[in-house]
Amino acid sequence: MCNQAHRHSIHCIVPPYMTDQLVRSSNPDIRDRALATLKISAAFRAERKFAQSFPSLMVYALSAEQGKNRVIYDARQTDNLMKAIVRKEGEPAGDDEAVNEAYEYSGDTYDFFEKLFQRNSLDDKGMTLISTVHVAESDYRGGYVPMSNAFWNGELMAYGDGDGIIFNRFTQSLDVVGHELTHGVQSFTSNLNYYGQPGALNEHFSDVFGILIRQWKTQERAETANWTIGSEVLVPAETRRGIRDMLNPGKAYVDDPDLGTDPQPGHMNDLYTGPYDNNGVHINSGIPNRVFALVATELGGNAWEVAGRIWYDTLLQLTNSSQFNDCARLTIQNAGSLFGEAEKKVVQNAWKTVGLTL
Amino acid sequence: MKVQLKQSGGFMGMLKECTLDTHALEPEEADTIRDSVNRTDWNQADQNSGRSRDGYHYYLLVEDQQQTYSAEYTDQTLPESLKPLIAILKRYLKAGRF
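Residue numbers (the numbering used here), protein chains in the order written: chain W, 26 to 383; chain R, 201 to 298.
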């Protein structure tokens, strides 16, 4: 480890018994170095003890008052989300593609919010972006199987490697990474309840900024953009194109032997009112998703500049119990105040198309 | 013993379900399921997602000759005693319809 190019002094601590001996050396150079090592060792042990007790507070502490600060953990195919730190801010890419993707894409997400909305990380206070890759689920024999999911646990993003049959690893998709991190942004802003229409709006805003981050990164124009979320995450098949299709809800996968048919509605007449999925948070998000995609494609150009700005300001104004009506009212209002009557009309028409008239 | 699992949520948000009769399973799986059911305090069910987003939501129904249990959990609230049962049932999940 000490011969590696990215050497860190605390990784190269000599055994304590040797240092104790060296401190008593008659050679002042050796004695001084040994004393310095002892100080570093003590600081490292204190840091390690603190990190073991309060792992998340530790990375928050490291991020204090800094700009972009990423930490990537490797769960090593277990469900331990803080098993081992494998990459920190400024460290170079390694051989593990999942680690590199989580690092690069969380950086893209930070840059997007910082450059376009002057937002300093999720909490606007430089919060460390923590990602854990290679997350697995326990099986009933005490082993683990790769997780076919990605989630935000309130403090960090967790990504599984997929089963390799239906799902690829979830870090492969920039819009999935952006989606998860936007859940983090939301927890410090509107904090929309994760149930019913507020929950569907929560999922909607994560899809909106997830796809905008990708379009911004690849400089896609709205009218020709791909509005499918998570296409890289699915193993390709004729019956599936992605996890959700914002422009055409209900069409991301059709009659797929493993996935069935995309259940997302694109109109209020088809609003799901059953109990599953927290009263349809991932289902009914299809309705506002369609509104956003209609607005962006109608306006044309860079979706992050006009539609993105309207939706970001709306996100800051919503409350945790906001309904689709509230989102419609605020996006229409913000379109008018930020840009003008033409943009306001486009947003109004899009909501009307999905059955919401104010 | 008959066990039914409906799983919703996850990033994908799809509904998956399965219904199994322990008599039709391998003895190791059947024993693990029965043990999980017997070790669980069914009065402690909790369906709160907390601050987590895109986690799974589980709807569980267990029927045997004496009793019927039903409960809802999330990844955050799933008791340790039920994890082996859920792990087995997950292997049999198929796409369901909302």
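Idealized CB from N, CA, C, for every residue including glycine. Please read these numbers as outputs of a predicted model, since none were measured by experiment.
CA-to-CA distance, residue j to residue i, given in whole angstroms
i	j	result
E228 (chain W)	H208 (chain W)	8 Å
V262 (chain R)	R239 (chain R)	13 Å
N248 (chain R)	A367 (chain W)	43 Å
Y258 (chain R)	K206 (chain R)	6 Å
R354 (chain W)	S310 (chain W)	17 Å
L282 (chain R)	Q373 (chain W)	48 Å
F137 (chain W)	R234 (chain R)	51 Å
A68 (chain W)	Y219 (chain W)	In this prediction, A68 (chain W) has a pLDDT of 36, which is less than 50 and means its spatial position is unreliable; nothing more can be read from the coordinates.
A175 (chain W)	G255 (chain R)	8 Å
N216 (chain W)	N345 (chain W)	5 Å
Q204 (chain R)	I286 (chain R)	10 Å
L363 (chain W)	R334 (chain W)	8 Å
E280 (chain R)	K377 (chain W)	48 Å
R246 (chain W)	E272 (chain R)	43 Å
M214 (chain R)	S236 (chain R)	26 Å
K290 (chain R)	G361 (chain W)	49 Å
K108 (chain W)	S156 (chain W)	12 Å
S212 (chain W)	V202 (chain W)	16 Å
S131 (chain W)	T382 (chain W)	37 Å
P227 (chain R)	S270 (chain R)	24 Å
H204 (chain W)	F234 (chain W)	7 Å
F142 (chain W)	D148 (chain W)	13 Å
V48 (chain W)	T196 (chain W)	For V48 (chain W), the predicted model reports a pLDDT of 41, less than 50, meaning its position is unreliable and no value from the coordinates is stated.
A123 (chain W)	C218 (chain R)	32 Å
G365 (chain W)	L340 (chain W)	19 Å
Cβ-Cβ separation, residue j to residue i (assumed contact under 8 Å), whole Å
i	j	result
A295 (chain R)	L284 (chain W)	6 Å
G179 (chain W)	N303 (chain W)	Rounded, the Cβ-Cβ distance is 16 Å, inconsistent with contact.
P274 (chain W)	G291 (chain W)	4 Å
V158 (chain W)	A100 (chain W)	7 Å
Y297 (chain W)	F298 (chain R)	6 Å
V316 (chain W)	A375 (chain W)	4 Å
Option nearest residue i by Cα separation, candidates the options
i	options	result
S231 (chain W)	R:T222, R:G209, R:W242 and R:R253	R:R253
S163 (chain W)	R:L205, R:D275 and R:M201	R:D275
R6 (chain W)	W:H292, W:F364, W:V96 and W:Q197	This structure leaves residue 6 (chain W) out entirely; chain W is present only between 26 and 383.
N187 (chain W)	W:G203, W:V210, W:A161 and W:P290	Here residue 187 (chain W) is Gly; the residue named in the question, Asn, does not match the sequence. The residue with the shortest Cα to Cα distance from G187 (chain W) is W:A161.
A250 (chain W)	W:L272, W:A262 and W:L217	W:L272
Q342 (chain W)	W:N314, W:I357 and W:R265	W:I357
Q102 (chain W)	W:E116, W:A183, W:L141 and W:T153	W:A183
D337 (chain R)	R:D221, R:L293 and R:G250	Examination of residue 337 (chain R) is not possible in this model, given that chain R is present from 201 through 298 alone.
G326 (chain W)	W:E248, W:D351 and W:A100	W:E248
T322 (chain W)	W:V371, W:D295 and W:G291	W:V371
M293 (chain W)	W:R239, W:Q222 and W:Q240	W:Q222
L106 (chain W)	W:G168, W:W177 and W:W336	W:W177
Per DSSP, cross-strand counterpart(s) of residue i
i	result
R265 (chain W)	W:A262 and W:Y278
T207 (chain W)	Bridge partners of T207 (chain W): none, in fact.
D270 (chain W)	W:T253
I97 (chain W)	W:R112 and W:S156
W177 (chain W)	W:M182 and R:R253
K216 (chain R)	R:Q207 and R:A295
P171 (chain W)	W:A161
Can you give me, in chain order, the residues of the segment 261 to 278 of chain W that have a beta carbon less than 7 Å from any beta carbon in chain A? You won't find chain A in this structure, because its protein chains are W and R.
Which residues, taken in chain order from the segment 208 to 238 of chain R, show a beta carbon closer than 8 Å to some beta carbon of chain W? S208, G209, G210, F211, M212, G213, M214, L215, E229 and T232
Between the segment 297 to 312 of chain W and chain R, which residues of the former have CB atoms less than 9 Å from a CB of the latter, in chain order? Y297, G299, P300, Y301, D302, N303, G305, V306, H307, I308 and S310
Using Cβ-Cβ distances below 7 Å, what residues of the segment 235 to 263 of chain R are close to chain W? S249, G250, R251, S252, R253, D254, G255 and H257
Please list the residues of the segment 274 to 295 of chain R that have a C-beta atom closer than 7 Å to any C-beta atom in chain W, keeping them in chain order. K283, P284, A287, I288 and A295
Quick one: which residues of the segment 165 to 192 of chain W get their C-beta closer than 7 Å to a C-beta of chain R? List them in chain order. Y165, N174, A175, F176, W177, N178 and G179
May I ask you to list, following chain order, the residues of the segment 227 to 243 of chain W that have a beta carbon less than 8 Å from some beta carbon of chain R? N227, E228 and S231
Check distances from the C-beta atoms of the segment 210 to 224 of chain W to those of chain R and list, in chain order, the residues that come in under 7 Å. S212 and Y219
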